[in-house]
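Please read the structure below before turning to the comments.
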Amino acid sequence: MTNILHKLALLLCLLAITASAFAGSEAEYKKLSKAYTLNADGSQEFRYNMELTLFTHTAMNGTYGESFIVYNPQYQELKINSSYTKQKDGNIVKTPDNAFVEVLPRTAADAPAYNHLKEMVVVHTGLELGATIYLDYTLTSKPGYLPELDIYNELLQTSPVKEYTISLSAPESKPLSYTLQYNNAKPAVTTANGMKTVTWKLQNLPASSRDPFVSAANGNVPFLTATTYASNGDALKALYAQFTPASDVQLTAIAENLTEGKKNDTEKLQAILKHVTENLGYSRLSLPDAGYKIRSASDVIYSAYGTEAEKTNLLNGLLNAAGIKAETAASYSVNAEPASCGLNAIKELVVIANADGKQYIMSPSSNKMAAAGSNNLTPVISLTKGTPVTISTPSTDLTYKVTLSVSPEKADAKVDATIGNAYLPYYGAYLSTYAGADKEAKESKTGNGTTISYTASQPLKANNGYVMVSLPDAPVSLAHSYYCNMNSSRKENLLLPCKANERYTYTVQVPEGMKLATPEAVKTIENAAGKVVISVKQNGNNAEVERSLLLNKQLYTPAEFGNLRTLLTEWGNQSGKTLLLSIN
């Protein structure tokens, strides 16, 4: 019996060792190489090479079973230099011809103007546990198709990389600016035959994080930006040069039609934004996949769809044609040296305008404020001026004053909810989002938000002489988000949607025959991340409840995460959002 127990213990130890060895990754890149070359005639070459060893069935059958290469056959030539699998016993399985499948990129599926684009799907064959995939290809672009060398790479892959080589080559006469951030590797710089080459050799990179809300914009995620544009401003001007001027006759006519009968600039802006977002389809094709080209506003109007850049062009043009001063700006994915950021590093294009004293930060595909309006970590640069745009961050405060009249059968609430402007759409109905089914809800606007007054009723059901009353709160409260249910530790920075400031005050009128059963208490948690207060008190026949959350900032490092999690876990606790009453 003792021997059996010893053998069982040994087996469990071996299983634990095996699990720890492979738990962290499904596969491993033995080698990964990316080489970017801008030739003197304006043509470009991109060479990609990988050696990827598979460890799990998920990697083999799902994650890495195929490779995808998007290109434009009208201006680019794809050459597969080699593609094969080396099995664990050394057997070589070459990728057969029928495993190279050309399809239409999904992002171009609803965009006929881009249906000439191709996506090469390389189906890797001969896969098994321990097999290594080898893929080497070159993508050559004709002169003039890609305006400059323009690179944005997040360096971490979905699996660890033992050796990662990145090289940039350009004529010596061209400026070559680059930023490698959050990695200490130093580049080797060489010149030969009129070409300058910059090479990084990175070693033992970990897999990218699987934690939620990880972004290079938050910092501490390694990335590379590089470009041969003379400056960041020149890159943006090259894009803006394709925009349709507001003086265009067609734009003027459409703007006049859309704004006819509108009383002020706010109504005009809302009408134009609604037209662009709702009446024109949205193509998810990225700016790089479109070759950094956009179609004219006229083409977008007649085709009734556009990419983000194309719809931005139209929105900007219509607003200016209507007499509303607007400018387009680029919000970047990372905070890098500006000179190293071309067009590839742009996260989103936004249109910024002022109407009747209020600033609007608009996306051409949404009626809500663009993400750039709440994120001050990365630059937002004007396409025309090449300088940072000043964004007035709107209020994210939430303040509720609630009176609850309770009986054994129901609880009737009268609510005055003040919602910060950051949560409100630029056009369209939103009262039902906050006021529910109350058709008599009223709103009054303030400088920083809107106060919505409404009533609501909830049925109560007694259980063993008790009823549970839910305390109304904002549907956009952090209490309803995943942020209140995160793991206990984190390795990356966390950027919250806003710098939260929520306050709820409840007066619960308890009738004769019922009494407060929730214990009276004042719970305060205050630390370096912020403060949470939850208070329950009896005041005569009333129960008074206060709930408040105040966070000191929007970005938290891993070292600060524990304090933040303590606050948010308490804030999201359901027991703090209900009140228990007993029935005599």
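The sequence shown: position 168 = 212 (my numbering), numbered continuously.
Every residue gets a Cβ at the ideal spot worked out from N, C-alpha and C, and that includes glycine.
In this text the structure is predicted, and so the values were computed from the model without any measurement.
For the beta strand (DSSP E) assignment, the uninterrupted runs of no fewer than 3 residues enclosed by the region 178-206 are, from N- to C-terminal side, 194-198. In this structure, the CA atom of V293 is about 21 Å from the CA atom of Q314.
Exclusion of the five residues before and after A500 leaves A457, G480 as the residues of its chain whose Cβ lies within less than 6 Å of its Cβ. Under the DSSP assignment, D460 falls in the beta strand (DSSP E) whose first and last residues are 454-464. With distances taken between CA atoms, K132 lies nearest to I177 out of T562, I177, G238, C528.
The way I'd put it, the region 367-382 doesn't touch the region 340-350; fewer than three beta-carbon pairs between them come closer than 8 Å. Rounded to the nearest angstrom, the gap between the Cα atoms of T431 and S275 is 11 Å. Shown here for L594: same chain residues with a beta carbon closer than 6 Å to its own, the five before and five after excluded, namely N545, G574, K575 in chain order. Annotated as proximal: E89 and T182, with beta-carbon spacing under 8 Å.
Within 10 angstroms of the beta-carbon of D194 lie 16 or more other beta-carbons, which makes it buried. As DSSP reads the structure, G493 sits in a beta bridge with G464. Taking S436 as the centre and dropping the five residues before and after it, the same chain places the C-beta of Q403 closer than 7 Å to its C-beta, in chain order. For Y273, the closest of F267, A282, Y444, S449 by C-alpha to C-alpha distance is A282. Here the alpha carbons of E381 and Q553 stand approximately 59 Å from one another. Between F112 and E163, the gap from beta carbon to beta carbon is short of 8 Å. Under the 10 Å beta carbon count, K621 is surrounded by 16 or more other beta carbons and is classified as buried. The Cβ atoms of P452 and L504 lie closer than 8 Å to each other.
For A279 and K429, the gap between their C-alpha atoms comes out near 11 Å.
The three-state secondary structure of R534, taken from DSSP, is coil. Residue pairing by DSSP places A518 in no beta bridge whatsoever. In the structure shown, the three-state DSSP call for K240 is strand. G86 and P219 have their C-alpha atoms roughly 14 Å apart. Its chain contains L363, I368, A370, Y404 as the residues whose beta carbon lies nearer than 6 Å to that of A397, once the 5 sequence neighbours on both sides are disregarded; these appear in chain order. With a contact defined as Cβ atoms closer than 8 Å, D333 and L161 qualify at about 7 Å. Checking the DSSP bridge columns, you'll see M164 partnered with I113, E146. Straight through space, the alpha carbons of S327 and I316 are spaced by roughly 19 Å.
For N125, the enclosing beta strand (DSSP E) has its first and last residue at 120-130. Shown here, P140 sits in coil according to DSSP, grouped into three states, outside any helix or strand. The shortest CA-to-CA distance from A71 to any of C528, E172, L427 is the one to E172. Linking G472 to N411 through their CA atoms gives a straight-line distance of about 8 Å. The beta carbon of E354 sits closer than 7 Å to those of I338, R339, V344, all from its chain and outside the five residues before and after it, given in chain order.
Counting C-beta atoms within 10 angstroms of its own C-beta, I298 has 16 or more neighbours from the protein chains shown and is therefore classed as buried. For E354, DSSP assigns no beta-bridge partner whatsoever.
8 Å or more divides the Cβ of A399 from the Cβ of S439. In the DSSP assignment, K445 is bridged to D460, T549. When the alpha-carbon of L268 is set against those of K75, S384, Y478, A153, the nearest one is in S384.
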